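Working notes, structure below.
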Amino acid sequence: MHALRSNPPGRPWRIMLLAGLAGVAVTVGAALAMTATDQALFCGSCHSMAEAALTHKRSPHAKLACNECHAPHNLAAKLPFKAKEGTRDIYSTTLGTIPDLIHPGDETKDVVQANCRRCHVASTMTVSMETKKYCTDCHRHVPHTPKLPIARRSAADV
């Protein structure tokens, strides 16, 4: 008759330690991936976003990551937003259905608006938003000035 094998002492702790290390590795990997995919270098790597990355690089907002403006600030809202927008972008890029001029949808405009107001709260407290819904309705080329150098922009585009 064979003796019953028992689990060696300490084995559950090893499994828990390995699971904990795997959890840390996944969390760190996800954080690095999130940070990398927020940057202009990543966003501009697609042909459709090359001009946006170039104009961003020349703008007053050049030190900000693309998703400082283009994604929700709250992580719980940011994850599904990035997943949806990223899937849409991959789909359009793969099928070659990218329009010549990319216009943001209403959800993206709402996100950008919230981020404008979050960063510029002190300077927008006295701004009346009754005639226009979004900051970009007047400041449409911030931070993606198409052709004019920063020194030649009109006051509304600064």
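The sequence shown: position 68 = 68 (UniProt numbering), numbered continuously.
Ideal Cβ positions, reconstructed from N, Cα and C, are used throughout, including at glycine.
It should be emphasised that the depicted structure is a prediction, and the values quoted were computed from it without experimental measurement.
In three-state DSSP terms, what is A31? helix
Between the segment 107-117 and the segment 65-75, are three or more C-beta pairs nearer than 8 angstroms? yes
For H141, which of R88, S92, R58 and G105 has the nearest alpha-carbon? R58
Apply the 10 Å Cβ neighbour rule to A52 and answer buried if 16 or more other Cβ atoms are within range, or exposed otherwise. buried
Nearest by alpha-carbon distance to D110: which of T136, W13 and G44 is it? T136
Compute the distance between the beta-carbons of H56 and H144, then report whether it is under 9 angstroms. yes
Within 9 angstroms, strictly: CB atoms of residue 161 and C43: The question about residue 161 has no answer here: the residues shown for the chain are numbered 1 through 158.
Y91, DSSP secondary structure in three states: helix
In terms of residues, what are the limits of the alpha helix (DSSP H) holding V121? V121 to T124
What are the start and end residues of the alpha helix (DSSP H) that includes E68? C66 to H70
Considering only C-alpha positions, which residue in the set K78, T124 and L18 is nearest to T108? K78
Counting C-beta neighbours from all protein chains within 10 Å, is the total for M16 16 or more, i.e. buried, or is it exposed? exposed
Environment of M129 [buried if 16+ CB atoms lie within 10 Å]: exposed
In chain order, what residues of the same chain lie with their CB nearer than 6 angstroms to the CB of Y134, ignoring the 5 residues before and after it? K109 and Q113
Span of the alpha helix (DSSP H) around E51: A50 to K57
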